[in-house]
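Numbering (the numbering used here), first residue to last: 967 to 1154.
Here the structure is laid out as structure tokens; the discussion comes afterwards.
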Ligand code: ATP
Ligand code: MG
């Protein structure tokens, strides 16, 4: 234990770089967006300013949308139109995706925003609604102390390479498969 403690102490001492980081939360299990919202709460605790961009519109507002709407340090941008999985009009959806990305870009070039959450961004890349290279360029050139959290299944190799912290949430079991519907306060 003593040996382990000195090893950890040495590692902590070595970790002396302070910079904005990209956290990427991917995988098929539950817990990606809610983890992003957990970090949002952490940042709020320190009075940091946060912008959240949600790239997929849910069937209804989530509990955190309702809660965060009351927080002065948070602004949320949502897909306002019916951009969901059952889309029938790719041209229209692409236009909407580009529009919402341009709002994300405003945040990612604004020094006064400490944390930007790009919720479900991976789908926009995987299904080619947005140009991956443009996204990577904006992320690389963002203000140097700004943190970014990206969520969504099946993150691309380029996103993984760029991110500083990457976690894959593994699906072992989900209540939905036992016919339990999405529960308020847990799933939405
Ligand atoms: P959460 O928002 O709960 O953290 P998530 O962001 O990891 O979930 P998404 O793929 O964005 O997962 O899906 C959001 C919704 O789908 C939530 O209601 C969540 O409970 C549900 N969900 C997530 N993973 C699964 C799964 N493996 N099977 C069924 N439903 C799932
Ligand atoms: Mg999610």
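Backbone N, C-alpha and C define an ideal beta-carbon position, used for all residues, glycine too.
Across the set 972, 1124, 1147, 1014, the C-alpha of 1014 shows the shortest separation from the C-alpha of residue 1082.
Residue 1044 and residue 1131 have their alpha carbons spaced roughly 25 Å apart. In this model, residue 1150 and residue 1029 are separated by some 7 Å (Cα to Cα). The alpha helix (DSSP H) runs lying completely inside the stretch 1063-1132 and spanning 4 residues or more are 1087-1092, 1098-1106, 1123-1128, given in chain order. Taken in chain order, the unbroken stretches of beta strand (DSSP E) that lie wholly in the stretch 1000-1061 and span 3 residues or more are 1016-1020, 1040-1044.
Residue pairing by DSSP places residue 990 opposite 1116, 1132 in a beta bridge.
Annotation for residue 977: the continuous alpha helix (DSSP H) segment containing it runs 968-980. Of the candidates 980, 987, 1021, 1011, the residue whose Cα lies closest to the Cα of residue 999 is 1021. Excluding residues up to 5 positions away in sequence, 986, 1074, 1075, 1082, 1114 lie with their Cβ nearer than 8 Å to the Cβ of residue 1108 in the same chain. Close to the ligand ATP, as judged by a C-beta nearer than 5 Å to any of its heavy atoms, are the residues 996, 997, 998, 999, 1000, 1137, 1140, 1142, 1148, 1153, in chain order. Distance from residue 995 to residue 1135 at the Cβ level is roughly 4 Å; contact confirmed, criterion being Cβ atoms closer than 8 Å.
By the criterion of at least three beta-carbon pairs nearer than 8 Å, the stretch 1110-1129 is in contact with the stretch 1086-1098.
Counting only the Cα atoms, residue 990 lies some 15 Å from residue 1098.
Check the Cα spacing between residue 1094 and each of 1122, 1110, 1078: the tightest is with 1122. Closest in alpha carbon position to residue 1011, among 993, 977, 1040, 1027, is 1040.
Burial state of residue 1129 is buried, judged by a 10 Å Cβ sphere holding 16 or more other Cβ atoms.
Distances taken from the Cβ of residue 1042 to the heavy atoms of the ligand MG include none shorter than 6 Å.
In the three-state reduction of the DSSP assignment, residue 1147 falls in the coil class, being assigned neither a helical nor a strand state.
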